[in-house]
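Just so you know, the protein sequences line up as chains A and B, in that order.
Mapping the first sequence onto our numbering, position 233 (from 1) lands on 326, and the numbers just tick up by one.
Mapping the second sequence onto our numbering, position 219 (from 1) lands on 211, and the numbers just tick up by one.
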Amino acid sequence: MKILGIDLGSREVKVLVMENNNIVKKMKVSTISFYRDYCTFDGKITVDLDKLNIDKVDKAVSTGYGKNNTDLNMFIPINEIKAHAYGAIYQTGLKNFILLDVGGQDVKIVKIEKGLITDLELNDKCAASCGRYLENMANVLEVSIDKMSEYYKNPVELNSTCAVFSESELIGKIAEGVTMDRLCAGVNYSLYKRLKPMLTKFKGKKLIVAGGVANNNSIIRYLKKDYDEVISLKEPQFNGAIGCCYYGSKTIKLENIEYSEL
Amino acid sequence: MKKIGLTTTVPIEVLLAAGYEPIDLNNVFITSEDYSKYIDIAEKEGFPKSMCAWIKGIYGACIDNGIKKIVGVMEGDCSNTKALIEVFRLRGINIYPFSFPHSHKKEDIEIEIKKFMNIFNVSYEDIEKVRLRLNKVRELSKEIDRLSYIDNKVSGFENHLYQVSLSDFNGNVDKFERDLKRVISDIKKREPKNMKLRLGFIGVPPMTADIYDYVEKFDASIVYNEVQREFAFPRASKALNIYEQYYDYTYPYDIEFRIAELKRQISERKLDGIIHYTQAFCYRAAEDIILKAKLDIPILNIEGDKLNKLDARTKLRLEAFLDMLLDLKE
Chain A
94 MKILGIDLGS REVKVLVMEN NNIVKKMKVS TISFYRDYCT FDGKITVDLD
144 KLNIDKVDKA VSTGYGKNNT DLNMFIPINE IKAHAYGAIY QTGLKNFILL
194 DVGGQDVKIV KIEKGLITDL ELNDKCAASC GRYLENMANV LEVSIDKMSE
244 YYKNPVELNS TCAVFSESEL IGKIAEGVTM DRLCAGVNYS LYKRLKPMLT
294 KFKGKKLIVA GGVANNNSII RYLKKDYDEV ISLKEPQFNG AIGCCYYGSK
344 TIKLENIEYS EL
Chain B
-7 MKKIGLTTTV PIEVLLAAGY EPIDLNNVFI TSEDYSKYID IAEKEGFPKS
43 MCAWIKGIYG ACIDNGIKKI VGVMEGDCSN TKALIEVFRL RGINIYPFSF
93 PHSHKKEDIE IEIKKFMNIF NVSYEDIEKV RLRLNKVREL SKEIDRLSYI
143 DNKVSGFENH LYQVSLSDFN GNVDKFERDL KRVISDIKKR EPKNMKLRLG
193 FIGVPPMTAD IYDYVEKFDA SIVYNEVQRE FAFPRASKAL NIYEQYYDYT
243 YPYDIEFRIA ELKRQISERK LDGIIHYTQA FCYRAAEDII LKAKLDIPIL
293 NIEGDKLNKL DARTKLRLEA FLDMLLDLKE
């Protein structure tokens, strides 16, 4: 049984194929390129699976931001909160946890009890607590985002609420002669500080982190102060796509779509 | 008839035998279009913002409707009720105390009910006569409940309404009996409405009664209203006397006794999930820990405060929960 899952994120589209509940293929494409190079539009968006090098699948499930954006021809769209919940359940085998997903533009916090969503919170109006903020700040510092994520000690204080003002604040600190280590740590800590008020409503023992931020060891280190156990997913950026496949496999009614015939 | 206000369900047989017209102040509060006015009255008196809206609503409903006599439940309800009774007393309202003993022993319940009978000067024979009369009406309410979870012909809201109303029989037993008979004959003519998800609603009756219609949007219906059903005493006909009836009642006693009945109903009604409603600032929210641990069924805890409509956030939570619950049924 072969299932295709696509997670249309704000920065990247994640494509993943599962066969008999095992991941057999995964790829990331920039969102612009995905719509431009891998899709055709004829009233509805149709994904060109040949170009993605994917042949016959039994079921295709999509998720992502906004219902219209994810409504792909022949795909079953599911909401992304559910997709991420299923992804985390598949990847950890756990049924009770708090899931923190920090994506390019949005933050989702989901409480899972007995394998079902019982509470959720999304960021609103502002994306200063998201992955894109880390990217921008790494650019200002002219370090890679991976390098930046290594620093956690003695973070310099960054207080701006706004991600754009934070850049000038950071430049101010550079001008004051603050060391690079502390600047990097400051960026990581400032993201943690923005996540914290959202997380206070979600007390629990286990926190699972998804999205690109799961790769940021410093933020994970800060989060460990607040939870008994913090788990970074093995495939944090593919979690939504994995969830699509897992959902598909749980609810399968074999249709065996011949995509080449479309 | 002389009116007497209730803050929760009490042995109403005693009050009716004594010629009183019992009025459940919860119902007066929540069915009023100006329900928030009642909360305001209490807050102006000094009841804190951080107190259960039911307590404040009951207070406002009592004062605003000129009720001069109240049955004060001193044990078996919450400590907020105790303070409420003290404030009533301060305001010159006559308090007639009743207690559901924590021990939950039959002999202790008998003592309490006998004390209550003495206050109103009624005999055992008087109240048993009333009890048998009321049990006939309770059977009608049970019929509506059966039409809910067996025949699937009753909406969750109707199930709620026609059970919760038995706390005071809407102030007129004969009229209420006629109403129920008419409702039952109407319901029987309906086609069954089979929804994919069967839900239980546990905890105190909601401030937000729109929840019943809201869940139906997601192919779900509430076929069990825990506390409302307890108010309707579905096991009253089996009880040999009034003492047994108020012993076999899960609302005011320990949680283990309550859980045993919940487990029976979960299996009898083939429930897929449970919505556990708690009121903001109520100790019952902590009971959610025990219920989730002891009941092997998905449970969503939602909280109501002062509004009588579900807020956007609670709607989103319900939607996400029911969406995944539906996946389990695929």
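Ideal placement from N, C-alpha and C gives every residue a C-beta, glycine not left out.
From a predicted model like this one, the values you see are computed outputs, not experimental measurements.
CB-CB length for A:Lys298 against A:Asp321, believed under 8 Å:
Within the first sequence, numbered from 1, the residue matching residue 298 of chain A stands at position 205. Within the first sequence, numbered from 1, the residue matching residue 321 of chain A stands at position 228. Rounded, the Cβ-Cβ distance is 4 Å, consistent with contact.
Nearest-angstrom Cα distance between A:Asp100 and A:Arg287?
For the purposes of this step, residue 100 of chain A is taken as the residue at position 7 of the first sequence. For the purposes of this step, residue 287 of chain A is taken as the residue at position 194 of the first sequence. Between A:Asp100 and A:Arg287, the C-alpha separation is close to 25 Å.
Report the residue from B:Lys255, B:Phe92, B:Leu132 whose alpha carbon sits nearest the alpha carbon of B:Pro226.
The count along the second sequence starts at 1 and reaches residue 226 of chain B at position 234. When each option's Cα is compared against that of B:Pro226, the closest is B:Leu132.
Residue(s) in a DSSP beta bridge with B:Pro89
For this step, residue 89 of chain B is matched to residue 97 along the second sequence. Paired residue(s): B:Gly64.
Cα-Cα separation between A:Gly304 and A:Asn332, rounded to whole angstroms
Locating residue 304 of chain A in the first sequence gives position 211, counting from the first residue. Locating residue 332 of chain A in the first sequence gives position 239, counting from the first residue. Going from the Cα of A:Gly304 to the Cα of A:Asn332 covers about 7 Å.
Rounded to the nearest angstrom, what separates B:Lys98 and B:Tyr235 at their Cα positions?
Numbered from its first residue, the second sequence carries residue 98 of chain B at position 106. Numbered from its first residue, the second sequence carries residue 235 of chain B at position 243. Whole-angstrom Cα-Cα distance: 7 Å.
Is the segment 228 to 248 of chain B close to the segment 174 to 183 of chain B, with three or more CB pairs under 8 Å?
no
Terminal residues of the beta strand (DSSP E) in which B:Tyr12 lies:
To locate residue 12 of chain B, count along the second sequence from 1; it is residue 20. Looking at the DSSP string, the run of the beta strand (DSSP E) that includes B:Tyr12 is 12 to 16.
Residues of chain A with CB closer than 7 Å to the CB of B:Leu308, please, in chain order.
The sequence position of residue 308 of chain B within the second sequence is 316, counting from 1. Within chain A, the residues near B:Leu308 are Leu213.
Starting from B:Arg190 and walking both ways along the beta strand (DSSP E), at which residues does that stretch end?
One-based indexing of the second sequence puts residue 190 of chain B at position 198. Unbroken beta strand (DSSP E) run through B:Arg190: 189 to 195.
Local Cβ density within 10 Å of B:His152, reported as buried at 16 or more and exposed below that:
To locate residue 152 of chain B, count along the second sequence from 1; it is residue 160. Flag for B:His152 reads buried.
Taking only three categories from DSSP, how would you classify B:Asn293?
One-based indexing of the second sequence puts residue 293 of chain B at position 301. If DSSP states are grouped into helix, strand and coil, B:Asn293 belongs with the strands.
Throw me the rounded Cβ distance for the B:Leu263 and B:Leu191 pair, which I believe falls under 8 Å.
Looking up residue 263 of chain B in the second sequence gives position 271. Looking up residue 191 of chain B in the second sequence gives position 199. Indeed they touch by this definition, with Cβ atoms about 7 Å apart.
Nearest chain A C-beta to B:Asn113 closer than 8 Å, yes or no?
For the purposes of this step, residue 113 of chain B is taken as residue 121 along the second sequence, with counting starting at 1. So, not an interface residue.
Can you pull out the residues from the segment 287 to 316 of chain A whose beta carbon lies closer than 7 Å to at least one beta carbon of chain B?
none
Please name the residue in A:Ala231, A:Glu173, A:Leu97 whose C-alpha comes closest to that of A:Asp199.
The residue given as residue 199 of chain A occupies position 106 in the first sequence. Per the Cα distances, A:Glu173.
Flag B:Phe249 as yes if its beta-carbon sits less than 8 Å from any beta-carbon of chain A, otherwise no.
Counting from 1 along the second sequence, the entry for residue 249 of chain B is found at position 257. It does not; no Cβ of chain A falls within 8 Å.
Please say whether B:Val207 and B:Leu314 have beta carbons closer to each other than 8 Å?
Residue 314 of chain B sits at position 322 when you count from the first residue of the second sequence. Residue 207 of chain B sits at position 215 when you count from the first residue of the second sequence. Contact flag set, yes.
Can you tell me which of A:Met273, A:Gly186, A:Val117, A:Pro290 puts its alpha carbon nearest to the alpha carbon of A:Lys246?
The sequence position of residue 246 of chain A within the first sequence is 153, counting from 1. With distances taken between Cα atoms, A:Lys246 lies closest to A:Met273.
In the DSSP assignment, what are the bridge partners of A:Cys277?
For this step, residue 277 of chain A is matched to residue 184 along the first sequence. Its beta-bridge partners do not exist; DSSP assigns none.
So for A:Pro290, helix, strand or coil by DSSP?
Here residue 290 of chain A refers to the residue found at position 197 of the first sequence. Note: A:Pro290 maps to helix in three-state DSSP.
Just to confirm the assignment, what range does the beta strand (DSSP E) spanning A:Val140 have?
Locating residue 140 of chain A in the first sequence gives position 47, where the first residue counts as 1. 138 to 140 is the extent of the beta strand (DSSP E) around A:Val140.
Taking 8 Å as the limit between beta carbons, can you name the residues of its chain near B:His96, skipping five residues before and five after?
As a working note, residue 96 of chain B is residue 104 in the second sequence. Only Tyr239, Tyr245, Asp246, Phe249 meet the Cβ criterion.
B:Pro40: which of B:Lys61, B:Leu76, B:Tyr275 sits nearest, CA to CA?
Reading the second sequence from its first residue, position 48 is the one you call residue 40 of chain B. It is B:Leu76.
For A:Met111, count neighbouring C-beta atoms within 10 Å of its own C-beta (all shown protein chains included) and say buried if the count is 16 or more, exposed if not.
Taking the first residue of the first sequence as 1, we reach residue 111 of chain A at position 18. A:Met111 is buried by the Cβ-count criterion.
Within chain B, partners of A:Lys201 - CB distance below 7 Å
Taking the first residue of the first sequence as position 1, residue 201 of chain A is located at position 108. Going along chain B, no residue has its Cβ under 7 Å from A:Lys201, so there is no contact; the nearest lies around 11 Å.
Would you call the CB atoms of B:Val324 and B:Phe161 closer than 8 Å?
No answer is possible for residue 324 of chain B: it lies beyond the span of chain B, which begins at -7 and ends at 322.
Taking only beta-carbon atoms, is A:Glu173 less than 8 Å away from chain B?
Taking the first sequence and counting its residues from 1, the one referred to as residue 173 of chain A is at position 80. Chain B, which has no Cβ nearer than 8 Å to the Cβ of A:Glu173, makes this no.
The segment 266 to 288 of chain B: which residues have C-beta closer than 9 Å to a C-beta of chain A, in chain order?
Lys284, Asp288
Is A:Cys132 helix, strand or coil by DSSP?
Sequence index remark: in the first sequence, residue 132 of chain A carries index 39 (1-based). Strand, per DSSP.
Go through the segment 236 to 283 of chain A residue by residue and report every complete run of the beta strand (DSSP E) that reaches 3 residues or more, in order.
none
So, are the CB atoms of B:Ile62 and B:Phe80 less than 8 Å apart?
Looking up residue 62 of chain B in the second sequence gives position 70. Looking up residue 80 of chain B in the second sequence gives position 88. Contact: yes.
With distance defined between alpha-carbon atoms, name the residue in B:Leu299, B:Leu308, B:Arg305 nearest to B:Tyr27.
Position 35 of the second sequence holds residue 27 of chain B. Of the listed residues, the one whose Cα sits closest to B:Tyr27 is B:Leu299.
Output needed in chain order: residues of the segment 325 to 344 of chain A with a Cβ under 9 Å from some Cβ in chain B.
Tyr340, Lys343, Thr344
State yes or no: is the beta carbon of A:Asp100 nearer than 8 Å to at least one beta carbon in chain B?
Here the question's residue 100 of chain A lines up with position 7 in the first sequence. It does not: the Cβ of A:Asp100 has no partner Cβ on chain B nearer than 8 Å.
Option nearest B:Phe273 by Cα separation, candidates B:Ile47, B:Ala34, B:Pro14, B:Ile(-4)
Counted from its first residue, the second sequence places residue 273 of chain B at position 281. Ranking B:Ile47, B:Ala34, B:Pro14, B:Ile(-4) by Cα distance to B:Phe273 puts B:Ile47 first.
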